[in-house]
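Protein chains in written order, with my numbering: chain S, 1 to 368; chain W, 1001 to 1368.
C-beta: ideal position from N, C-alpha, C; glycine also.
For clarity, every value in this text was computed on a predicted model and none was experimentally measured.
What follows is one structure encoded as structure tokens, with my remarks underneath.
Number of protein chains: 2
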Amino acid sequence: MTTARFTAVYRVRADPASIAARAQAIAVEQSVEMPLSAIDSPHVLSDIVGQVEHIADHGGGLFEVRIGLAVATAGDDAGQWLKMLFGNTSLHADVVLHDVEIPPGLGAAFGGPRHGIGGLRRRGGAIGRAFTASALKPQGLPPARLAELAGRFARGGIDFVKDDHGLADQAYSPFAARVAACAEAIRQAASATGHPTRYVPSLSGDLDRMRRQLDAARAAGIDCVMIAPMIAGWSNVQALKAAYPDVAFFAHPTLGGAARIAPALLIGRLFRLLGADAVIFPNHGGRFGYTPQTCRRLAQRARAPWDAIRPSVPVPAGGMTLERVPEMLDFYGPDTMLLVGGNLLAARERLTEQTAAFVRAVATHLYR
Amino acid sequence: MTTARFTAVYRVRADPASIAARAQAIAVEQSVEMPLSAIDSPHVLSDIVGQVEHIADHGGGLFEVRIGLAVATAGDDAGQWLKMLFGNTSLHADVVLHDVEIPPGLGAAFGGPRHGIGGLRRRGGAIGRAFTASALKPQGLPPARLAELAGRFARGGIDFVKDDHGLADQAYSPFAARVAACAEAIRQAASATGHPTRYVPSLSGDLDRMRRQLDAARAAGIDCVMIAPMIAGWSNVQALKAAYPDVAFFAHPTLGGAARIAPALLIGRLFRLLGADAVIFPNHGGRFGYTPQTCRRLAQRARAPWDAIRPSVPVPAGGMTLERVPEMLDFYGPDTMLLVGGNLLAARERLTEQTAAFVRAVATHLYR
């Protein structure tokens, strides 16, 4: 019987004469971290030490190295798995984690989104079209002001109103007060419009604090929250997903440090595996520098069939405007959530009308 | 009254014509994330929006940009602070977080190490010389085998025996069984040698699981543990430091992805601020690629006087050998912990003698 392995795919800068040794060094670093000559356990040598499976020369000093790593070293803990996937190797400047291939058993242990695209369609009332979303900003406003904005977004008929990821539990806008006020404002607006707009508050702090925030959110009737896996710690995301099965999770990419882990992998695939029902990422041509190719690949990975793992909704964001809605819908298709924040807020007193125009643009779009 | 700010120092690649706009964009991204023209709160504009404090041209298209960010946006939560420090900006390929300057109030809120160099000297019995340490490896061995190794290290008179960071709570080596076995082996050896060798187990998993591990460790008489802040989540490190005041924390740099946050800042300064009593980092000339300059700067930042914040012990590691002990001691001085892992384990049946030689080399070194 062979040992169960997942395959980490690294892109390595090296010269042809040294790549074999470099690949072997990565295999050792990501498993036993010691000279193999000092290991006298046959079990460790055969079942635990990483194995170089393939090296491909991509030209120009770039190689793709595939390394098989034992599932047993990670167990069922996502944080530990992240360590074994890229922990120490992230400290090397010549390596990028490009991809990972996961045996069905590991995928089932992590489980992916509990609700996914289908579950979010049901709760946001978005059937047969792309989702619409906006963000509460700026940082620094008191709960009453944010709630007023939330209500105006909702009166425009939007599907989701999320906290800006900077909104936490600050003195000027405590989580409990903000969530109660925004949830109430959205509930009132939703009962006026008949559209089930959802408020998506952002979690922060340690696991205990995030649980208190989730309890307060659920008490206010909320069933969607946002979490930043690179800040919260992956094991804690896992714990919250297990403890709150009725809640849908939006993953925020903050601290994703895209230079060393390929964005399509981190956000599109790993955040999905971790259980994000929606994955927010910086769209091309906005405030961030992802290329169209990266964005397309990321969205594909978030939605592509993958064993029993549900698809996540890709949420391109970051400086998006109403004018870009048609182009973005043609680019991403209807299994997408468009998030327009500052550009709607810039409409100021016409916020509700501008939101309604956004909602209409998505609902009436004719895909090319 | 002016608002309390911390200063984030970024190194930005740009051309001279665009750097002012780029700096302003970072200031907005790390605070309100929306067009300033859409903000009508004078309080937010004056006290919350990031302020570009200084731009210095370092030549060759590299600029140093200093941005003042409001302390109020972070509050007292380390995870939220990390978001405001580098969250979204980490997604830009042209920026590295190079340094941060912290007002005394924020430093006091986070607090830094509770024990620091002085506290570790008392518990490890290392007076007037550098500390010695080694690591239990490889991943995959059962508790009894690791405990046997731990006992042999301790009989060599070493100060600290830490888990390899890959050791977690795997089926082949459950945390509770491993810690009980290793603690007992080290206790027996220590009573034979008279030297108070400490076992430093590695924490993993979500906050609840780490607390259960800490409880098990303390029940076994352990007062030092290792934690990986980039995996655990900074808020959880903070929570554990507050809940276990008698425990000293070693910070492991795994997933430190050094390319986007300067290592001297992340490991030497931020892990210290977070409360690490000892900070482990890859030494120059070992398995990792940090330069001697980076290592020197990192060690300086871990130990330099800093308001009321205690110094952390720098722990250069990663492929170190006995032969390098004199050179490393001259480079780092006595307020240092030398960690030699695989090179001692490679001595196999002579592990205790080799450990004793390591201990002797540190104890008898004559600094240049």
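Using a Cβ-Cβ cutoff of less than 7 angstroms, which residues in the same chain neighbour residue 1/S once the five nearest sequence positions on both sides are dropped? Its pLDDT being 45, under 50, residue 1/S is placed unreliably by the model, and the measurement read from it follows with that caveat. Closer than 7 angstroms at Cβ, skipping near neighbours: no residue.
Does residue 293/S come within less than 9 angstroms of chain W when only Cβ atoms are used? no
What's the call for residue 1021/W, buried or exposed, on a 16-neighbour Cβ count within 10 Å? exposed
Taking the alpha helix (DSSP H) that residue 1186/W belongs to, which residues open and close that run? 1175 to 1193
For the candidate residues 1062/W, 1080/W, 1251/W and 1039/W, whose alpha-carbon lies nearest to that of residue 1019/W? 1062/W
Determine, for residue 18/S, whether the minimum Cβ-Cβ distance to residues of chain W falls below 9 angstroms. no
Residue 131/S to residue 334/S, Cα distance in whole Å? 8 angstroms
Who are the Cβ neighbours of residue 46/S in its own chain at under 8 angstroms, not counting the five residues just before and after it? 3
With 16 as the cutoff for other CB atoms within 10 Å, does residue 127/S come out buried or exposed? exposed
Under 8 angstroms (Cβ pairs) to chain S, residues found in the stretch 1023 to 1045 of chain W: 1025, 1029, 1031, 1032, 1033, 1034, 1035, 1037, 1038, 1039, 1040, 1041, 1043 and 1044
Just to confirm my understanding: we take residue 363/S, look at its own chain, exclude 5 residues before and 5 after, and list those with CB closer than 7 angstroms. What are they? 129
May I have the straight-line CA-CA distance separating residue 104/S from residue 307/S, to the nearest angstrom? 7 angstroms
Range of the contiguous alpha helix (DSSP H) that encloses residue 1110/W: 1104 to 1110
6 angstroms CB neighbourhood of residue 1262/W in its chain, flanking five on each side removed: 1098
Can you tell me where the alpha helix (DSSP H) holding residue 153/S begins and where it ends? 143 to 155
Kindly list the residues whose CB is nearer than 8 angstroms to the CB of residue 1291/W, restricted to its own chain and excluding five residues on each side of it in sequence; keep chain order. 1284
Report the three-state DSSP secondary structure of residue 282/S (helix, strand or coil). strand
Per-residue burial, residue 1330/W [other beta carbons within 10 Å of its own, 16 or more giving buried]: exposed
What are the boundary residues of the beta strand (DSSP E) that includes residue 68/S? 62 to 70
Can you grab the Cα-Cα spacing for the pair residue 144/S / residue 281/S, in whole Å? 28 angstroms
Which stretch, first to last residue, makes up the alpha helix (DSSP H) that contains residue 215/S? 207 to 219
For my contact list, residue 52/S and residue 74/S are in at a C-beta cut-off of 8 angstroms; report their separation, rounded to the angstrom. Between residue 74/S and residue 52/S the Cβ distance is about 19 angstroms, and since that is not below 8 angstroms, they are no contact.
Could you please give the first and the last residue of the uninterrupted beta strand (DSSP E) stretch that includes residue 1051/W? 1051 to 1057
Test: residue 1288/W CB closer than 9 angstroms to a CB of chain S: yes
Close beta carbons around residue 1079/W, own chain, < 7 angstroms, minus the five adjacent residues each side: 1233, 1234 and 1235
Can you pull the chain B neighbours of residue 1051/W, defined as C-beta to C-beta under 7 angstroms? The structure shown contains no chain B; its protein chains are S and W.
How big is the Cα-Cα spacing for residue 260/S and residue 228/S? 18 angstroms
In three-state DSSP terms, what is residue 314/S? strand
Would you tell me roughly how many angstroms separate the C-alpha atoms of residue 57/S and residue 170/S, rounded to the nearest one? 50 angstroms
Would you check if the stretch 174 to 182 of chain S and the stretch 146 to 153 of chain S touch, i.e. whether three or more CB-CB distances between them fall below 8 angstroms? yes
Since residue 1245/W meets chain S, which of its residues come closer than 9 angstroms, beta carbon to beta carbon? Residues of chain S passing the Cβ test: none, with the nearest at roughly 16 angstroms.
Please go through the same chain and pick out, in chain order, the residues whose beta-carbon is closer than 8 angstroms to the beta-carbon of residue 164/S, but skip the five residues on each side of it. 135, 136, 137, 138, 139, 202 and 341
Near residue 1213/W, what residues of its chain come up, given a Cβ to Cβ distance below 6 angstroms and the 5 sequence neighbours on each side ignored? 1175 and 1203
Go through its chain and collect everything with a Cβ distance to residue 304/S's Cβ below 8 angstroms, but skip five positions before and after it. 311
Proximity to residue 84/S [Cα-Cα], best of 119/S, 48/S and 112/S: 48/S
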